[in-house]
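This report refers to the structure that appears directly beneath it.
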Amino acid sequence: MTEPAARPAPKKARTKIPKTIWDLVFTLLIPILILTPNVLGEGIGVASLLGGGQTGNIRAYLLAALIPVAYVLWDILKNKNVSPVALFGGAGAIVSGALAFWYVDGFWYAIKDSARMYLTGILFLISAATSVPLFRIFLDATTITESPEDRAATQQALRDPGVHRGLVLGTVVFAVVDLIGGVINSVVNYQRVVARFGSDAFNAQVAEVNAIMRVPGMIVSFLGVFAAIWFVQRAVKARYGADASIFEPAKLAQKQRGETPTLKS
Numbered sequence: 009m010t011e012p013a014a015r016p017a018p019k020k021a022r023t024k025i026p027k028t029i030w031d032l033v034f035t036l037l038i039p040i041l042i043l044t045p046n047v048l049g050e051g052i053g054v055a056s057l058l059g060g061g062q063t064g065n066i067r068a069y070l071l072a073a074l075i076p077v078a079y080v081l082w083d084i085l086k087n088k089n090v091s092p093v094a095l096f097g098g099a100g101a102i103v104s105g106a107l108a109f110w111y112v113d114g115f116w117y118a119i120k121d122s123a124r125m126y127l128t129g130i131l132f133l134i135s136a137a138t139s140v141p142l143f144r145i146f147l148d149a150t151t152i153t154e155s156p157e158d159r160a161a162t163q164q165a166l167r168d169p170g171v172h173r174g175l176v177l178g179t180v181v182f183a184v185v186d187l188i189g190g191v192i193n194s195v196v197n198y199q200r201v202v203a204r205f206g207s208d209a210f211n212a213q214v215a216e217v218n219a220i221m222r223v224p225g226m227i228v229s230f231l232g233v234f235a236a237i238w239f240v241q242r243a244v245k246a247r248y249g250a251d252a253s254i255f256e257p258a259k260l261a262q263k264q265r266g267e268t269p270t271l272k273s
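Quick note on the working numbering: the sequence shown kicks off at 9 and runs consecutively.
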């Protein structure tokens, strides 16, 4: 009898690196390495490879500022992500990139480094007085994969006067938290980034503050998001019942039709 042909060994699945890791690499780790004066050895850094002196330091500073911008825009184009949240993030990245060419130090650098947070906070505050509070873009993003019927239920809930008031309050809270985060970031930068722009010390101090403030900055942002969601959820529960949630559109649709939600076995 003919022996059966040996089966090929199964290919090992590639370990996929989480996107969060890539985000940190391109928006934090690489910029810090570029700004660090002695990253390649005593007296040798990216600035020295880019011409050295003030010119090299400025080029290194611009490179460190623009790599995160390029990464964010590349990610949007690669994934063809045109959701409002992605576009808002892309617009923020462009603003940050443009501000990199504003060569300042001291007080004005502290303001510049927090400008994105200040602009976001102001825009959200202004939007709270309109019919479309900007925090709604985060809630809309959670329904992208839902069915048209379920998305319609979420939209109907957000148009409800009581839920809309909760959305307005959530937008204001998110804006205030972002502004507070900006002030904290400015204070830390003002205290620690004291060297003159274009110097080795300036770049090193910017790298240090970036490393120090990344985690606290993320925590403040998450607090703003969670606080805003809490106000929206409270309004949804007050309108549709204690078991209602803005993140369960199917149940919302049933409640809007006056039906009793079916319990899952």
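Glycine included, every Cβ here is placed at the ideal spot set by N, Cα and C. Here the structure is a predicted model, which means the values were calculated and not measured.
Nearest to residue i (by Cα), restricted to the options the options
i: residue 199; options: 117, 142, 141, 32; result: 117
i: residue 35; options: 64, 66, 82, 60; result: 82
i: residue 60; options: 151, 32, 44; result: 44
i: residue 173; options: 29, 132, 96, 239; result: 239
i: residue 243; options: 168, 29, 227, 265; result: 168
i: residue 256; options: 152, 55, 73, 96; result: 152
i: residue 112; options: 145, 149, 69, 148; result: 69
i: residue 66; options: 87, 42, 24, 92; result: 42
i: residue 202; options: 114, 224, 62; result: 114
i: residue 71; options: 91, 40, 226; result: 40
i: residue 228; options: 241, 254, 192, 204; result: 192
i: residue 176; options: 208, 210, 133, 207; result: 133
Proximal residues to residue i (C-beta, below 6 Å), its chain only, five neighbours per side dropped
i: residue 129; result: 183, 186, 187
i: residue 197; result: 118, 121, 217
i: residue 162; result: 151, 257
i: residue 171; result: 165, 243, 244, 247
i: residue 234; result: none
i: residue 55; result: 64, 65, 68
i: residue 73; result: 108
i: residue 209; result: 203
7 Å Cβ shell around residue i - same chain, five flanking residues per side excluded
i: residue 270; result: At residue 270 the pLDDT is 45, less than 50, meaning the model places this residue with poor confidence and gives no usable figure here.
i: residue 236; result: 143, 178, 179, 181, 182
i: residue 80; result: 97, 98, 101
i: residue 93; result: 145, 146, 149
i: residue 126; result: 187, 190
i: residue 261; result: 157, 158, 161
Supposed contact pair residue j and residue i - C-beta distance, whole angstroms, cut 8 Å
i: residue 38; j: residue 75; result: 6 Å
i: residue 252; j: residue 259; result: 6 Å
i: residue 241; j: residue 254; result: 6 Å
Close-in-space but distant-in-sequence residues of the same chain around residue i (CB under 8 Å, 5 per side omitted)
i: residue 224; result: 192
i: residue 103; result: 123, 124, 127
i: residue 194; result: 118, 119, 121, 122
CB contact check: residue i to chain E, cutoff 7 Å
i: residue 175; result: Although the question refers to chain E, the structure presented lacks it and comprises just one protein chain.
Just checking, does the region 150-162 make contact with the region 206-216 on the three C-beta pairs under 8 Å criterion?
no
Would you say the region 135-153 touches the region 104-112, given that touching needs at least three Cβ pairs under 8 Å?
no
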